[in-house]
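In the working numbering, the protein residues as written are 7 to 185. Accompanying notes for the structure given below.
Here it is as structure tokens:
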């Protein structure tokens with residue numbers, strides 16, 4: 007049998023997508039969008055723009071739980087089939103679940119790995135649809151908030167709060183200004 011080179015790892019592919027400047031996305035490939043980490047507004051994928059706007063709306067509704075946006079919607083690589091990923095911080099996961107149920111939001115509950123790694127207990131995640139888009143909110147305890155805000159100097163953001171997301175959206179749409 008022949009020799010097959012191993013496929014590149016996901017981190018390697020993600021790094022290449024963020025670092026290779028792409029000046030245009032062909033119209034015949036609307037489902038794929040690869041742009042640098044902080045692209046000029048003209049290069050941010052339309053799905054990313056729409057998902058960021060929806061994410062901001064969800065975050066504002068969940069403001070009392072100190073939401074942070076993470077993942078592809080934040081880093082600018084989201085496509086039309088990507089979901090919104092949030093981190094919420096509350097006294098208990100049940101508090102957030104009850105809040106959503108009281109707002110008539112149908113939720114599904116699962117578990118995900120803690121952002122601090124596998125040495126920590128998994129966290130509950132509530133998943134729901136918001137304006138037809140999937141939202142997955144990881145439910146952390148209040149004391150985890152301090153660790154979530156830490157970031158090494160020079161690193162690209164791995165999470166953004168409401169103010170940071172508003173600023174990112176305003177930078178993409180300078181004609182709209184800030185609210």
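By construction, the Cβ of each residue, glycine as well, lies at the ideal position given by its N, Cα and C atoms. All figures in this text were calculated on a predicted structure; none of them were measured in a lab.
For the pair residue 63 and residue 90, the Cα-to-Cα distance works out to about 11 Å. Rounded to the nearest angstrom, the gap between the Cα atoms of residue 143 and residue 177 is 25 Å.
Below 8 Å, too few C-beta pairs join the segment 104-111 and the segment 75-95 to call them touching: fewer than three. Between residue 120 and residue 132, the CB-CB gap reaches or exceeds 8 Å.
Taking residue 137 as the centre and dropping the five residues before and after it, the same chain places the C-beta of 60 closer than 6 Å to its C-beta, in chain order. According to DSSP, residue 74 shares a beta bridge with 93. For residue 76, the closest of 69, 53, 167 by C-alpha to C-alpha distance is 167. Assigned with DSSP and collapsed to three states, residue 99 falls in helix. Boundaries of the beta strand (DSSP E) harbouring residue 115: 114-118, taken from the DSSP string. With 16 or more neighbouring CB atoms inside 10 Å of its own CB, residue 58 falls in the buried class. Looking at the DSSP output, residue 145 sits in a beta bridge with 94, 130.
Secondary structure note for residue 171: its alpha helix (DSSP H) is the uninterrupted segment 168-178. The three-state reading of DSSP puts residue 68 in coil, since its state is none of H, G, I, E or B.
By the C-beta density criterion, residue 98 is exposed, having fewer than 16 other C-beta atoms within 10 angstroms. Collapsing the DSSP output to three states places residue 63 in a helix.
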